[in-house]
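Protein chains: 2
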Amino acid sequence: MPSTNETHAALCERLKACDVRPTPQREVVLKVILEKRDHPTADEIFARVKAQMPTISLATVYNCLETLVGCGIVRQVNLERAPTRYCPHLHEHAHFHDEETGRIHDVDLPEELMARLREVLPPGFQASSIELNFRGSTQGHHALSPSNGRGNAAAN
Amino acid sequence: MPSTNETHAALCERLKACDVRPTPQREVVLKVILEKRDHPTADEIFARVKAQMPTISLATVYNCLETLVGCGIVRQVNLERAPTRYCPHLHEHAHFHDEETGRIHDVDLPEELMARLREVLPPGFQASSIELNFRGSTQGHHALSPSNGRGNAAAN
DNA sequence: AGTCGATTTAGAATTATTCTAATTATCACT
DNA sequence: AGTGATAATTAGAATAATTCTAAATCGACT
Chain A
368 MPSTNETHAA LCERLKACDV RPTPQREVVL KVILEKRDHP TADEIFARVK AQMPTISLAT
428 VYNCLETLVG CGIVRQVNLE RAPTRYCPHL HEHAHFHDEE TGRIHDVDLP EELMARLREV
488 LPPGFQASSI ELNFRGSTQG HHALSPSNGR GNAAAN
Chain B
368 MPSTNETHAA LCERLKACDV RPTPQREVVL KVILEKRDHP TADEIFARVK AQMPTISLAT
428 VYNCLETLVG CGIVRQVNLE RAPTRYCPHL HEHAHFHDEE TGRIHDVDLP EELMARLREV
488 LPPGFQASSI ELNFRGSTQG HHALSPSNGR GNAAAN
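Each protein sequence line maps, in turn, to chains A and B. Residue numbering for the first sequence follows my numbering, starting at 368 and increasing by one per position. Residue numbering for the second sequence follows my numbering, starting at 368 and increasing by one per position.
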């Protein structure tokens, strides 16, 4: 079962809720991001989208991604010098970059800890977003269940 | 006064301590990074280094940076799609990206909080490094004193 | 002096991303 | 339903950061 399988109408609603025109291209880009719980690059998204909409252009994928990131529907993850990746998960979470497998795991942190991060800035500093990335290895835990329970979630 | 002003000998020692051959190029790249408390890009570093060593090539700057990052003498900061920046500060700290000015501020966080971050990962996840980036604005605090006291430090 | 491996160099190549200008679709309003 | 203003899409070129390549150079050690 795909983790998310929103209908055309639901996707439209979601876009309109953000004051974004629900074009077919935006819809399919969003759909593709949501239906697999990974962190694809723009190129990967382009490839997946093309299977469903062969006429779409890479520039449009970039445009759509910019729009979706801008309105907070997807998050953007930048690790080192690698190409930007996009994350479908809306809830506040961190990323763990496995250096051995190259995979990216979502990591849920205790709410209270995220809250503290938001508060520790010196006076005058107003954070609109926080990015927390870990790098390292996952000994023996390379094949995690795709459940979204406490602690962690999908790879790459 | 420059924040750091290490001698030739001191720079050499620092490189040798990391099992890195102290070549003149590596030395001058490191020197340039240390003598200004900002977060220059590879290009900016190239420009500064060229003033002192006009024959150096950009590829060498990239090579040196890779070496210095690899042995932990400088840190690498990646924010969104912007070019990689390099940070001379060795102690564990976060970065604050001011969206209005484009500047990057170092942010010292309470030791205890950094320690907690290191501990909250699910079992099996071993983090070798942590990257914590804030984005937002600094109302009225655009000109901070360069002191490295509690809370924050140099811009860009 | 001679060799070996690591480093530097210039320039070409690659790659992610953005830009441009023309076309096409969408929405609000008749 | 039709129309016009506005916004989005498209293909391809352009840009810019980074990496690669192959040759030259350096330094340590016989």
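The beta carbon of each residue, even a glycine, is placed where N, CA and C say it ideally should be.
Within chain B, partners of residue i - CB distance below 7 angstroms
i, result
"ILE497/A", "PHE501"
"ARG483/A", "LEU480"
Presumed contact (8 angstroms Cβ cut-off) between residue i and residue j, rounded CB distance
i, j, result
"ALA494/A", "ARG483/A", "Contact doesn't hold; Cβ gap of about 12 angstroms is too wide."
"GLU467/B", "SER496/B", "The Cβ separation is near 29 angstroms, so there is no contact."
"VAL444/A", "ILE471/A", "7 angstroms"
"VAL416/A", "VAL428/A", "6 angstroms"
"LEU378/B", "GLU394/B", "5 angstroms"
"ASN500/B", "GLU498/A", "4 angstroms"
"ARG502/A", "HIS464/A", "5 angstroms"
Span of the beta strand (DSSP E) around residue i
i, result
"HIS472/B", "471-474"
"ARG388/A", "Note, ARG388/A: premise wrong, no beta strand (DSSP E); not H, not E."
"GLU354/A", "No answer is possible for residue 354/A: the residues shown for chain A start at 368 and end at 523."
"ASP465/A", "461-465"
Partners in chain A for residue i, counting only beta-carbon separations shorter than 8 angstroms
i, result
"ALA494/B", "PHE463, PHE501, ARG502 and GLY503"
Chain A contact residues for residue i, given Cβ-Cβ distances below 7 angstroms
i, result
"PRO477/B", "VAL487"
"THR451/B", "ARG448"
Closer than 7 angstroms: residue i CB and nearest the ligand PLP heavy atom
i, result
"PRO477/B", "Absent from the structure shown: the ligand PLP. Ligands present: none."
Chain B contact residues for residue i, given Cβ-Cβ distances below 8 angstroms
i, result
"ASN445/A", "ASN445, LEU446, GLU447 and ARG448"
Span of the alpha helix (DSSP H), counted from its first residue to its last, around residue i
i, result
"GLU428/B", "Contrary to the premise, residue 428/B reads as Val rather than Glu in this sequence. Per DSSP, VAL428/B belongs to the alpha helix (DSSP H) from 425-437."
"ASP405/A", "No alpha helix (DSSP H) contains ASP405/A, which DSSP labels as neither H nor E."
"LEU484/A", "478-486"
Which residues DSSP lists as bridging residue i, in chain order
i, result
"VAL444/B", "ARG452/B"
Neighbour list for residue i in chain B, Cβ cutoff strictly below 9 angstroms
i, result
"VAL474/A", "VAL487, LEU488, PRO489 and PHE492"
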